[in-house]
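Let me begin by presenting the structure, written as structure tokens, before commenting on it.
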Amino acid sequence: MSFDGALPADQALSVKFWGTRGSLPRCGAEYQRYGGNTTCVEVRVGRRLFLIDAGSGIADAGKSMMDDGPQGFDILLSHLHHDHISGLPFFIPALKTRCEIRLHCGNLDGVSPQAAFDLMFAPPLFPVRLEVFPGQFSYHGFHAGAALDFGDGIVVRTCALDHPGGATAYRFDHKGRSLCYISDVEHRPGIIDDALVSFCRDADLVVYDTMFNEAEFQDCRGWGHSTWGAGVALCRAANAKRLGATHHHMRHTDDMLDGVAAQVEAALPGSFVAREGQTIRLEARVLETAA
Ligand SMILES: [Zn+2]
Ligand SMILES: [Zn+2]
817 MSFDGALPAD
827 QALSVKFWGT
837 RGSLPRCGAE
847 YQRYGGNTTC
857 VEVRVGRRLF
867 LIDAGSGIAD
877 AGKSMMDDGP
887 QGFDILLSHL
897 HHDHISGLPF
907 FIPALKTRCE
917 IRLHCGNLDG
927 VSPQAAFDLM
937 FAPPLFPVRL
947 EVFPGQFSYH
957 GFHAGAALDF
967 GDGIVVRTCA
977 LDHPGGATAY
987 RFDHKGRSLC
997 YISDVEHRPG
1007 IIDDALVSFC
1017 RDADLVVYDT
1027 MFNEAEFQDC
1037 RGWGHSTWGA
1047 GVALCRAANA
1057 KRLGATHHHM
1067 RHTDDMLDGV
1077 AAQVEAALPG
1087 SFVAREGQTI
1097 RLEARVLETA
1107 A
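In terms of our numbering, the sequence shown opens at residue 817 and continues consecutively.
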């Protein structure tokens, strides 16, 4: 896989949240501050850009990348549930002839996700197929747990997650900084997952599925989601610095999420509840020296 972006040089590792909601997009006054679009985040690793998931938030992400974005996009899918893929046909860079959109999926035992997309985006479920777009879509299956080599020294680590049908976590390391994206996942109460602890070891930021409060979690065991308390416990066990809470419940209003934000900040200072449009930059700790 080769670098085909045209982004300005930047040594930081950064994440921008284009969609923070789980399950279903929401609109309405009580969802404005944290956002109503379903999950999509942009990760920049130096000059290289990745998108994780293609929920409804990817529509605005695409709009921002239309003019000065790269010609090729790697979209790393956590899994294929609707809230993580339904925005894909609305990613407008796909209207450009030279655009390549590479979809990577790790929860299908290495099988390509193409069959699922062919089913989802075709009549009678959708008016057109993805082949009608001028841009080219390609499909890449891998086994969750594999390390993905994107060239230019960029290796993205992955980890299998406990979720109905499976899901994949991603970890980015760049110039002394590290970022993990862990969604969707269900934790086991009182048990810390050793594989996830080592996956998150010493990370600067762990973006984590905090969809349920404790009562909702008890009522929805087996639905595949977690709580902010479990996210903080994971960060502490792994010596990770900050938690970014995301995949917000479709009925959790801004006021409710303000309450979560205060609790996560108190439990693990620097932690936050992700808002649509928010960017977190992790400045390089290891600066490049002139050759
Ligand atoms: Zn989800
Ligand atoms: Zn899911």
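Even glycine gets a Cβ: it sits at the ideal position worked out from N, Cα and C.
>> Taking the beta carbon of methionine 882 as the centre, do at least 16 other beta carbons fall within 10 Å, making it buried, or is it exposed?
In response: Walking along the sequence shown from the start, residue 882 turns up at place 66. With fewer than 16 other Cβ atoms within 10 Å, it is exposed.
>> Assuming the contact rule is C-beta atoms closer than 8 Å, glycine 873 and glutamate 1092 should be a hit. Round their C-beta distance to whole Å, please.
In response: As a position in the sequence shown, residue 873 is number 57, starting the count at 1. As a position in the sequence shown, residue 1092 is number 276, starting the count at 1. About 7 Å; that satisfies the 8 Å criterion.
> CB alanine 932 to CB leucine 896, shorter than 7 Å?
Replying inline: As a working mapping, residue 932 is identified with position 116 in the sequence shown. As a working mapping, residue 896 is identified with position 80 in the sequence shown. A Cβ-Cβ contact shorter than 7 Å links alanine 932 with leucine 896.
>> Is there a Cβ of chain B sitting closer than 7 Å to that of phenylalanine 906, yes or no?
In response: In the structure shown, chain B cannot be found, because there is only a single protein chain.
> Which class does alanine 1106 belong to by DSSP, given the choice of helix, strand or coil?
Replying inline: The residue you call residue 1106 lines up with position 290 of the sequence shown. Any reading at alanine 1106 needs caution, since the residue's pLDDT is 49, under 50, leaving its predicted position unreliable; the model's value is listed next. Coil at alanine 1106, not helix or strand.
> Using the beta-carbon count (16 or more within 10 Å), is proline 905 buried or exposed?
Replying inline: Indexing the sequence shown from 1 puts residue 905 at position 89. By the neighbour-count rule (16 or more Cβ atoms within 10 Å), proline 905 is buried.
>> By the three-class DSSP mapping on this structure, what secondary structure does valine 831 have?
In response: Residue 831 sits at position 15 when you count from the first residue of the sequence shown. Of the three classes helix, strand and coil, the one that applies to valine 831 here is strand, per DSSP.
>> Let me check understanding here. Comparing Cα to Cα, which of Gly926, Phe907, His900 and Val1001 lies closest to alanine 960?
In response: Taking the sequence shown and counting its residues from 1, the one referred to as residue 960 is at position 144. With distances taken between Cα atoms, alanine 960 lies closest to Gly926.
> Could you give the residue range of the alpha helix (DSSP H) that holds alanine 1046?
Replying inline: For this step, residue 1046 is matched to residue 230 along the sequence shown. Note, alanine 1046: alpha helix (DSSP H), 1044-1054.
> Is it the case that the CB of histidine 897 approaches a heavy atom of ligand 4 more closely than 6 Å?
Replying inline: Ligands present in the displayed structure are limited to ligand 1 and ligand 2, and ligand 4 is not among them.
>> Can you look up phenylalanine 1028 in the DSSP assignment and give me helix, strand or coil?
In response: Mapped onto the sequence shown, residue 1028 falls at position 212. Correct three-state label for phenylalanine 1028: coil.
> When the Cα atoms are used, what is the spatial distance from phenylalanine 1015 to alanine 1046?
Replying inline: As a first step, residue 1015 must be located in the sequence shown, where it is residue number 199. As a first step, residue 1046 must be located in the sequence shown, where it is residue number 230. Rounded to the nearest whole angstrom, the CA to CA distance from phenylalanine 1015 to alanine 1046 is 15 Å.
>> I want to know whether the region 909-921 touches the region 848-861 - three or more CB-CB distances under 8 Å.
In response: no
> Fully enclosed by the region 930-979, which beta strand (DSSP E) runs are 3 residues long or longer?
Replying inline: Whole beta strand (DSSP E) segments, 3+ residues: 952-957, 963-965 and 971-977.
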